[in-house]
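**Student:** In the working numbering, the protein residues as written are 1327 to 1537.
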Amino acid sequence: MKQVFLSVLAILSLFGCQTTSERLQVQYQLKYQMLLENIKSQSPDADFLGLRMAYTDTIHYDPYGVVSQSVIEEAFARFDEKDYQGCVNQADKILSTAYISMDGHYLAMVCHLELHNEERANYHQYVLNGLFSSISSGGNGRTFESAYTTISIGELKTFLGMLGLEVKEQGLRFHKGKPYDVMTVMESEIEEEFDLYFDISIQLEKGYGDL
1327 MKQVFLSVLA ILSLFGCQTT SERLQVQYQL KYQMLLENIK SQSPDADFLG LRMAYTDTIH
1387 YDPYGVVSQS VIEEAFARFD EKDYQGCVNQ ADKILSTAYI SMDGHYLAMV CHLELHNEER
1447 ANYHQYVLNG LFSSISSGGN GRTFESAYTT ISIGELKTFL GMLGLEVKEQ GLRFHKGKPY
1507 DVMTVMESEI EEEFDLYFDI SIQLEKGYGD L
């Protein structure tokens, strides 16, 4: 009992020696980890939107890509070469620091399917669907008021790709003091162009500071 008490004191002492910034980072990481564990256990309380937002407070968050584009390209190259285990390894590398990466879960899903690992493929499809829905359920993206909220350039582009849309033009606009990416996109099947609005305030605030 005395040993446990001393261990607790040691942890508290270490926490007390941290700066305010370090203590906040520990709290942010703990929050993210709790949300992540709920998703990994496929809990009814799984909160994909909360996970994405919590991720932006961790040290791994990159508003301009989330993960290295070269790692994603390498994973797709392994898939094209039918090196499905190599593809899974690359997907795991992506997800080790960016579990909110839709590219990472898509790659893990399709490569596990090719390896006949149906349970793992189904799990990654579950996460992929959850992440996608956490963006799409916020509105229809057709106006500033119904804009989608994305946290990185990579996430925005992957989301559009999953919708089957081709980007024709992109512009930054401000509405009521908030920044938006306005993407002119085309749906190839009907060759119709229209605008979609994305709230990118989190991305810009963390990339450039307060706007």
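We put the beta carbon where it would ideally sit given N, CA and C, even for glycine.
1) Less than 9 Å separating the beta-carbons of Tyr1387 and Tyr1381?
2) Keeping to the same chain, check which residues put their C-beta closer than 8 Å to that of Gly1326; ignore five residues upstream and five downstream.
3) Are the CB atoms of Thr1484 and Phe1524 nearer to each other than 9 Å?
4) Return the Cβ separation of Tyr1354 and Thr1384 in integer angstroms, given the expectation that the two are a contact with Cβ distance under 8 Å.
5) Does the beta-carbon of Phe1500 have 16 or more other beta-carbons within 10 angstroms, so that it is buried, or is it exposed?
6) With the cut-off set at 9 Å, would you say Leu1441 and Val1414 are in Cβ contact?
7) Determine which residues share a DSSP beta bridge with Phe1539 and list them.
8) Using the three-state DSSP reduction, which class does Phe1470 fall into: helix, strand or coil?
9) With 16 as the cutoff for other CB atoms within 10 Å, does Val1352 come out buried or exposed?
10) Would you be able to state if there are at least three C-beta pairs under 8 Å between the region 1436 to 1451 and the region 1479 to 1498?
11) When the Cα atoms are used, what is the spatial distance from Gly1430 to Ile1420?
12) Could you tell me if the beta carbon of His1450 falls within a distance shorter than 8 Å of some heavy atom in the ligand MG?
13) Note down the Cα distance separating Met1327 from Met1360, rounded to an integer number of angstroms.
14) Given Lys1502, which residues of its chain have a CB within under 8 Å of its CB, disregarding the five upstream and five downstream residues?
15) Give the secondary structure of Thr1510 by DSSP, where H, G and I count as helix, E and B as strand, and everything else as coil.
16) Assign Ser1333 to one of two classes, buried (16 or more other C-beta atoms within 10 Å of its C-beta) or exposed (fewer than that).
17) So Met1435 and Phe1458 are in contact, right, with Cβ under 8 Å, and what is the actual spacing, rounded?
18) Exposed or buried, which one is Leu1537 when buried takes at least 16 other CB atoms within 10 Å?
19) If you measure between the beta carbons of Val1511 and Leu1491, is that distance less than 9 Å?
20) If I measure Cβ to Cβ from Tyr1432 and keep anything under 7 Å in the same chain, skipping five residues before and after, which residues do I get?
21) Can you tell me which of Gly1480, Gly1412 and Phe1402 puts its alpha carbon nearest to the alpha carbon of Met1426?
**Tutor:** Well, looking at it:
1) yes
2) Because residue 1326 is not part of the residues shown, which for the chain are 1327 to 1537, the question remains open.
3) no
4) 6 Å
5) exposed
6) yes
7) Lying before the first or after the last residue shown, residue 1539 is absent from the chain, which here runs from 1327 to 1537.
8) coil
9) exposed
10) no
11) 6 Å
12) The ligand MG is absent from the structure shown, which contains no ligand whatsoever.
13) Any reading at Met1327 needs caution, since the residue's pLDDT is 43, under 50, leaving its predicted position unreliable; the model's value is listed next. Their backbone Cα atoms lie some 28 Å apart in a straight line.
14) Phe1470
15) strand
16) Since pLDDT at Ser1333 reaches only 40, below the 50 mark, its modelled position is unreliable, and the value read off the structure follows with that caveat. When all chains shown are included, Ser1333 counts as exposed.
17) Rounded, the Cβ-Cβ distance is 12 Å, inconsistent with contact.
18) For Leu1537, the predicted structure reports a pLDDT of 44, less than 50, and the residue's modelled location is therefore unreliable. The matter cannot be settled from this model.
19) yes
20) Leu1454
21) One point to set straight first is that residue 1426 is Ile, not Met, in the sequence displayed. Taking only the C-alpha atoms, the option nearest Ile1426 is Gly1480.
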